[in-house]
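Here is the structure we will look at, set down as structure tokens.
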Amino acid sequence: LTQLRGDQVICVSNREPLIHDRGADGGVLVKRPASGLVTAVEPVMQACSGTWIAHGSGSADRDMVDADDRVVVPGGQQDYWLRRIWLTEEEEKGYYYGFANEGLWPLCHVAHVRPVFRRSDWEAYKAVNQRFADAVVAEARSEDPIVLVQDYHLALVPAMVREKLPQATILTFWHIPWPNPESFGICPWRRELLRGMLGSTILGFHTRFHCRNFLETVDRYLEARIEHEHSIISVGRKETYVESYPISIAWPDETESAAWPAVAASREAVRARLGLPEDARIAVGVDRFDYTKGIIERINAVERLLEKHPEHLGRLAFVQVASPTRSELDEYHGFQDRVKALVARVNARFGREGWQPVHLLAEHHDHAQLIELYRAADACVVTSLHDGMNLVCKEFVAARDDERGVLVLSRFAGAARELHEALIVNPYDVEETADALHRAVTMSEPEQRERMASLRTNVAEFNVFRWAGRMLVDAGRWRLRARVEARLR
Ligand code: F6P
Numbered sequence: 261l262t263q264l265r266g267d268q269v270i271c272v273s274n275r276e277p278l279i280h281d282r283g284a285d286g287g288v289l290v291k292r293p294a295s296g297l298v299t300a301v302e303p304v305m306q307a308c309s310g311t312w313i314a315h316g317s318g319s320a321d322r323d324m325v326d327a328d329d330r331v332v333v334p335g336g337q338q339d340y341w342l343r344r345i346w347l348t349e350e351e352e353k354g355y356y357y358g359f360a361n362e363g364l365w366p367l368c369h370v371a372h373v374r375p376v377f378r379r380s381d382w383e384a385y386k387a388v389n390q391r392f393a394d395a396v397v398a399e400a401r402s403e404d405p406i407v408l409v410q411d412y413h414l415a416l417v418p419a420m421v422r423e424k425l426p427q428a429t430i431l432t433f434w435h436i437p438w439p440n441p442e443s444f445g446i447c448p449w450r451r452e453l454l455r456g457m458l459g460s461t462i463l464g465f466h467t468r469f470h471c472r473n474f475l476e477t478v479d480r481y482l483e484a485r486i487e488h489e490h491s492i493i494s495v496g497r498k499e500t501y502v503e504s505y506p507i508s509i510a511w512p513d514e515t516e517s518a519a520w521p522a523v524a525a526s527r528e529a530v531r532a533r534l535g536l537p538e539d540a541r542i543a544v545g546v547d548r549f550d551y552t553k554g555i556i557e558r559i560n561a562v563e564r565l566l567e568k569h570p571e572h573l574g575r576l577a578f579v580q581v582a583s584p585t586r587s588e589l590d591e592y593h594g595f596q597d598r599v600k601a602l603v604a605r606v607n608a609r610f611g612r613e614g615w616q617p618v619h620l621l622a623e624h625h626d627h628a629q630l631i632e633l634y635r636a637a638d639a640c641v642v643t644s645l646h647d648g649m650n651l652v653c654k655e656f657v658a659a660r661d662d663e664r665g666v667l668v669l670s671r672f673a674g675a676a677r678e679l680h681e682a683l684i685v686n687p688y689d690v691e692e693t694a695d696a697l698h699r700a701v702t703m704s705e706p707e708q709r710e711r712m713a714s715l716r717t718n719v720a721e722f723n724v725f726r727w728a729g730r731m732l733v734d735a736g737r738w739r740l741r742a743r744v745e746a747r748l749r
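To convert, note that position 80 of the sequence shown is 340 in UniProt numbering; the numbers rise steadily by one, no gaps.
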């Protein structure tokens, strides 16, 4: 890290770290979006005080935000710069909703939703990637900045930046899974995407499994030399190092956790708000309202649990927070309607006077509200059908300084490779998930404590600074090597 001291760090992502909304009184409210990317990247930007380039996507109305395109965002330790790119409606439709979220998102997640590829979306994707790359070049204060490219929205940016700044150190992190070569191969622009990504110095994925899939994909579709042993891809003289960097959260410090409400007070507040009885058990799910998150499978499991264990009737409440997301897309709209209908059916079947088993809260929740919910919960249920990492489970663990609460976790989330003390389930197996839910809400306190203490040690140690630190240390090595080679040439 010392090798990078004084170097300029530029981060580039689609999602910006702020949402601007109108309050009831017409005033502007500033909130944080429900995004694993923002959760992870913001503490890093605060720590290195860099420049973050993003689409001004968090503001329905441009008038609500600072008129300046480049603003200072006050941070925990240090401030950082936010430089917004404003996309037209048409650009956003083709690049973000179209190619990124109707094409790449279902292509990379095994959730059995068919990707849609339109040439017009691809053209918009290319043009918008060029706009982001141009902004990086415009922000660069030297020939060799450190550029952090985030996620599947910007696959072409690394090669575009490399063209203008050949000496830049470009670290690209792919926040979602990488599929096998057969699956990826259905994309008509597979080669262009791979070439774009290979403009990176380092290409990071959450797990080794995703790295292997990527190496095999390149092997299948490009003329490239692949050193599997060292995880290096060479195309001509250009090398890219491919490595796994499991993402995480910023572990809360004592000042932060001291401000949290007590666990008993959190339970009381949630019970009062949802009208739950004194002895209610609470299980929670917290997700963007997305079809990859396994929300239908989870509610099916709650239903099965109530069939198998009627002793939970009138006592167990399952609270699902579902933050609005990508609702403009038919696939999302249809999915969200299906979830609402399922919740209504389960509540009609098992609800009774003054009690309903499922509470669907389909609205934005801020960090303080989520902390209260996590602390009130007997169990947190993460049943993603496929997920790069999933940070909700790590946030739940971080919130439980009382060492209680049980995590039920999908084996198809990257986090399952680290959080072994969770109850690991296959969300497609309704019986297994229902049994795990039962086990979670009836688990003895000593067992909860033992599992949670171990989970907490793991997440505290492998926090987001470890994620960023490992990548930056590797970047430092590659940067030094490139500089030495350039001198010797
Ligand atoms: O982590 C994957 C991801 O798609 C991020 O790229 C993104 O910020 C987050 O989920 C939320 O999605 P969106 O930015 O489309 O609201």
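Glycine residues also receive a C-beta, built at the ideal position from the N, C-alpha and C atoms.
> Per DSSP, Leu633 forms a beta bridge with which residues?
Replying inline: Beta-bridge annotation (DSSP): Leu633 is not paired with any residue.
> Name the DSSP beta bridge partners of Glu503, please?
Replying inline: DSSP lists Gly464 as partners of Glu503.
> Among residues of its own chain, excluding the 5 on either side of Trp738, which ones have a beta-carbon nearer than 6 Å to its beta-carbon?
Replying inline: Excluding positions up to five away in sequence, the list reads Thr461.
> Going by the C-beta, is Asn440 closer than 7 Å to any heavy atom of the ligand F6P?
Replying inline: For the ligand F6P, not one heavy atom lies less than 7 Å from the Cβ of Asn440.
>> On the DSSP letters alone, give me the boundaries of the alpha helix (DSSP H) that Ala639 sits inside.
In response: From DSSP, Ala639 is part of no alpha helix (DSSP H) but of the beta strand (DSSP E) over Ala639 to Val642.
> Would His488 be called buried (16 or more neighbouring beta carbons within 10 Å of its own) or exposed?
Replying inline: Exposed.
>> Runs of 3 residues minimum, wholly inside the stretch 421 to 474: which ones carry the beta strand (DSSP E) assignment?
In response: Every unbroken stretch of the beta strand (DSSP E) spanning 3 or more residues and falling wholly within the stretch 421 to 474 is given here in chain order: 429 to 433 and 462 to 465.
> Helix, strand or coil for Ser517 per DSSP?
Replying inline: In the three-state reduction of the DSSP assignment, Ser517 falls in the helix class, which pools H, G and I.
>> Can you look up Ser494 in the DSSP assignment and give me helix, strand or coil?
In response: Strand.
>> On the criterion of 16 or more Cβ atoms from any shown chain inside 10 Å, does Leu620 qualify as buried, or is it exposed?
In response: Result: buried.
> Does the distance from the C-beta atom of Leu697 to that of Leu602 stay below 8 Å?
Replying inline: No. Outside cutoff.
> Is the Cβ-Cβ distance between Arg355 and Ala384 less than 8 Å?
Replying inline: The amino acid at residue 355 is misidentified as Arg; the sequence shows Tyr. Taking C-beta atoms as the reference points, Tyr355 and Ala384 count as a pair closer than 8 Å.
> DSSP puts Leu342 in a beta bridge; with which residues?
Replying inline: According to DSSP, which records beta bridges pairwise, Leu342 is partnered with Trp312 and Val331.
> Could you give the distance in angstroms between the alpha-carbon of Lys553 and the alpha-carbon of Ala540?
Replying inline: Cα-Cα distance, rounded: 25 Å.
> Taking the alpha-carbon positions, what's the Thr262 to Met731 distance?
Replying inline: Its pLDDT being 48, under 50, Thr262 is placed unreliably by the model, and the measurement read from it follows with that caveat. Looking at the two C-alpha atoms, the distance is approximately 13 Å.
>> Per DSSP, what are the beta-bridge partners of Gly545 in this structure?
In response: Gln580.
>> Do Leu645 and Phe672 count as a contact pair if the criterion is CB distance below 8 Å?
In response: In this structure, Phe672 lies near Leu645, with their beta-carbon atoms less than 8 Å apart.
> How would you label Ile446, buried or exposed, when you count the other beta carbons within 10 angstroms and need 16 or more for buried?
Replying inline: Exposed, because fewer than 16 other Cβ atoms sit within 10 Å of the Cβ of Ile446.
> From Asp339 to Arg480, what distance separates their C-alpha atoms?
Replying inline: Computed Cα separation, rounded: 44 Å.
>> Could you check whether Thr477 and Phe433 sit closer than 8 Å to each other, using their CB atoms as the reference points?
In response: Not in contact: Phe433 and Thr477 (Cβ atoms no closer than 8 Å).
>> Between the alpha carbons of His624 and Gly736, how many angstroms are there, rounded?
In response: Approximately 39 Å between the Cα atoms of the pair.
> Going by Cα to Cα distance, which pick from Ala307, Arg747, Arg282 and Tyr412 is closest to Gly729?
Replying inline: Considering only alpha carbons, the answer is Ala307.
> Say the cut is 7 Å; is the CB of His466 nearer than that to a heavy atom of the ligand F6P?
Replying inline: If you check the C-beta of His466 against the ligand F6P, you find no heavy atom less than 7 Å away.
> Does the Cβ of Thr299 have 16 or more other Cβ atoms within 10 Å, making it buried, or fewer, making it exposed?
Replying inline: When all chains shown are included, Thr299 counts as buried.
> Considering only residues of the same chain and omitting the five flanking positions on each side of Ala376, which have a CB-CB separation below 7 Å?
Replying inline: The sequence given here places Val at residue 376; Ala does not occur at that position. Around Val376: Glu362 and Gly363.
> Alpha carbon to alpha carbon, how far is Cys368 from Arg664?
Replying inline: Rounded to the nearest whole angstrom, the CA to CA distance from Cys368 to Arg664 is 35 Å.
> Is Asp626 near the ligand F6P, in the sense that its beta carbon is under 7 Å from a heavy atom of that ligand?
Replying inline: Checking the Cβ of Asp626 against the ligand F6P gives no.
> Rounded C-beta distance between Gly459 and Ala419? I'm assuming under 8 Å.
Replying inline: A Cβ-Cβ distance of about 3 Å is found for the pair Gly459 and Ala419, placing them in contact under the 8 Å criterion.
> Going by DSSP, what residues sit across from residue 212 in a beta bridge?
Replying inline: In the structure displayed, the chain extends from 261 to 749; residue 212 sits before or after that span and is not available.
>> Please report the distance separating the alpha-carbon of Leu740 from that of Arg749.
In response: Approximately 14 Å, taken between the alpha carbons.
> Mapping DSSP to helix, strand and coil, what is Val668?
Replying inline: Residue state, collapsed to three classes: strand.
> What distance in whole Å lies between the Cβ atoms of Leu414 and Cys271, which are believed to be in contact at a cut-off of 8 Å?
Replying inline: The beta carbons of Cys271 and Leu414 sit about 11 Å from each other, so the pair does not count as a contact at 8 Å.
> Rounded to a whole number of angstroms, what is the C-alpha to C-alpha distance between Lys654 and Ser508?
Replying inline: Rounded to whole angstroms, Lys654 and Ser508 show a C-alpha spacing of 7 Å.
> Rounded to whole angstroms, how far is the Cβ of Ser504 from the Cβ of Arg455, which I believe are closer than 8 Å?
Replying inline: About 22 Å; that fails the 8 Å criterion.
>> Just to confirm my understanding: we take Ala682, look at its own chain, exclude 5 residues before and 5 after, and list those with CB closer than 6 Å. What are they?
In response: Residues Leu667 and Leu669 of the same chain have their beta carbon placed closer than 6 Å to that of Ala682, with the five preceding and five following residues left out of the count.
>> To test your reading of the DSSP string, which unbroken alpha helix (DSSP H) runs of 4 or more residues are found completely within the stretch 344 to 406?
In response: Complete alpha helix (DSSP H) runs here, min 4: 365 to 368 and 379 to 399.
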